[in-house]
Amino acid sequence: MHSRRRPRKNASAMRLVGRQLARFREAAGLTQRALAAEFNLAEQTVASIEQGRRPLKPDLAARFDDRLDTKGALSVAVDNMPEVDLIPAWAEEYMDLEREAIALSWYDNQVVPGLLQTERYARGVFRSRVPAFSADDIEVQVTNRVGRQEILTRTHPPTISFVMWEAILMDRIGGDEVYEEQVRRLRVCAELPGVSLQVMPFGRTRHAGLDGPFTLLETPEHQHIGYTESQRGSQLVSDPDEVSILSCKYAMLRAQALNPEETKGLLDRLLGER
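Pasting the structure below:
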């Protein structure tokens, strides 16, 4: 999958559409939970759309129009939103898969995995970009990244395993206060149901992740998909042979890394609590 780009809906317009949806829903006498249940969605999905953190897709807009008797207002709004070209098509496709995944296995060696980043740490990551994002673009990126994290706390969260290289914990992206906040966030996330967090420590004589970061996803239909990142683009991997290679790499990484309890101890020591 090539890193061609497609337009991304403007964040302020997303908020406007979200508020319209909320108004139509309330006029129909429905709660977010009730509307979500009718469309077999997570309640948080409707909340995220109404808050402008998740785009309203055209097909869902049309279905909402029919249910809420909006005379097509939501579809027209979605079709005519202004565009900003911030997020490439392959990234949007990955995020769609991530939202629906029942299991994720994530290895990172440069920054804290996006699903675990604090808002201030994410802002520090995007401020490090070369060439630089504008201030507005940074805020859109941060909002999108933080919005993705709702999958960690939904009623039925996916099973997620994270392995991250210890070097990530040595950097001070965003400054010392941001660093401490981020390590505390990792320590909290390490206790979440269904989350396993492991650190690959310095000093190992073998390291299965030297080729760079990647993610494995399992869809609700039990399809296994890989996602790999590079300097100038990323790709989804669906070929079974290639996915199998990534699965073998991840299994070896988990065996080479500190186990979850050892990782919690490391985080505690970094926080000076033990």
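At the far end of the sequence shown sits residue 1741, using my numbering, and the numbering has no gaps.
Every residue gets a Cβ at the ideal spot worked out from N, C-alpha and C, and that includes glycine.
Nearest neighbour of residue i, chosen from the options [CA to CA]
i: GLY1679; options: SER1701, SER1515 and LEU1636; result: SER1701
i: ARG1521; options: ILE1605, ARG1482, PHE1506 and TYR1561; result: ARG1482
i: ALA1452; options: PHE1669, GLN1499 and ARG1652; result: Outside the modelled stretch of the chain, which goes from 1468 to 1741, sits residue 1452, for which no answer is possible.
i: PRO1624; options: GLY1485, GLU1567, GLU1517 and ALA1495; result: GLU1567
i: ILE1640; options: THR1686, PHE1681, HIS1691 and ARG1587; result: ARG1587
i: MET1631; options: VAL1578, GLU1644, ARG1590 and PRO1707; result: VAL1578
i: THR1610; options: ASN1576, ILE1516 and ASP1643; result: ILE1516
i: LEU1582; options: MET1548, GLU1560 and THR1682; result: THR1682
i: TYR1561; options: GLU1647, GLU1685 and ASP1526; result: GLU1685
i: LEU1737; options: LEU1653, VAL1484 and GLN1608; result: LEU1653
i: LEU1734; options: PHE1669, LEU1636 and MET1719; result: LEU1636
Bounding residues of the beta strand (DSSP E) (the contiguous stretch that carries residue i)
i: MET1719; result: Here MET1719 belongs to no beta strand (DSSP E); instead the alpha helix (DSSP H) covers 1707-1723.
i: SER1628; result: 1626-1632
i: GLU1740; result: Element bounds for GLU1740: n/a, residue is neither H nor E.
i: VAL1662; result: 1662-1667
i: LEU1571; result: 1570-1575
Alpha helix (DSSP H) segment containing residue i, residue limits
i: GLY1591; result: 1586-1594
i: TRP1502; result: For the sequence presented, residue 1502 should be read as Leu rather than Trp. It spans 1499-1505 - the alpha helix (DSSP H) in which LEU1502 sits, taken as one unbroken run.
i: ASP1638; result: Careful: ASP1638 lies outside any alpha helix (DSSP H) and carries neither H nor E.
i: THR1512; result: 1510-1517
i: LEU1527; result: 1525-1535
i: VAL1578; result: Here VAL1578 belongs to no alpha helix (DSSP H), and DSSP marks it neither H nor E.
Neighbour flag for residue i against chain B, beta carbons, 8 Å
i: VAL1607; result: Of the protein chains in the structure, only one exists, and it is not chain B.
Exposed unless 16 or more other CB atoms sit within 10 angstroms - verdict on residue i
i: ASP1638; result: exposed
i: GLY1693; result: buried
i: ALA1558; result: buried
i: VAL1575; result: Note on identity: in this sequence residue 1575 is Asp, with Val being the wrong assignment. The residue is buried, with at least 16 neighbouring Cβ atoms inside 10 Å.
i: GLN1649; result: buried
i: PHE1629; result: buried
i: SER1572; result: buried
Beta-bridge partners of residue i, as assigned by DSSP
i: THR1695; result: PHE1681 and GLN1702
Same chain, Cβ closer than 8 Å to residue i, neighbours up to 5 away in sequence not counted
i: THR1730; result: ALA1657, LEU1664, GLN1665, VAL1666 and ALA1724
i: ASP1546; result: PRO1525
Contacts around residue i, its chain only, beta-carbon distance under 6 Å, and the 5 residues preceding and following it disregarded
i: LEU1541; result: ALA1528, PHE1531 and ASP1532
i: GLU1510; result: GLN1499, ARG1500 and ALA1503
i: LEU1535; result: PHE1491 and ALA1495
i: ARG1612; result: GLY1581 and ALA1589
Nonlocal neighbours in the same chain, by C-beta distance under 7 Å from residue i, ignoring five residues either side
i: PRO1687; result: GLU1567 and ILE1569
i: ALA1489; result: GLU1517
i: LYS1716; result: ALA1675 and GLY1676
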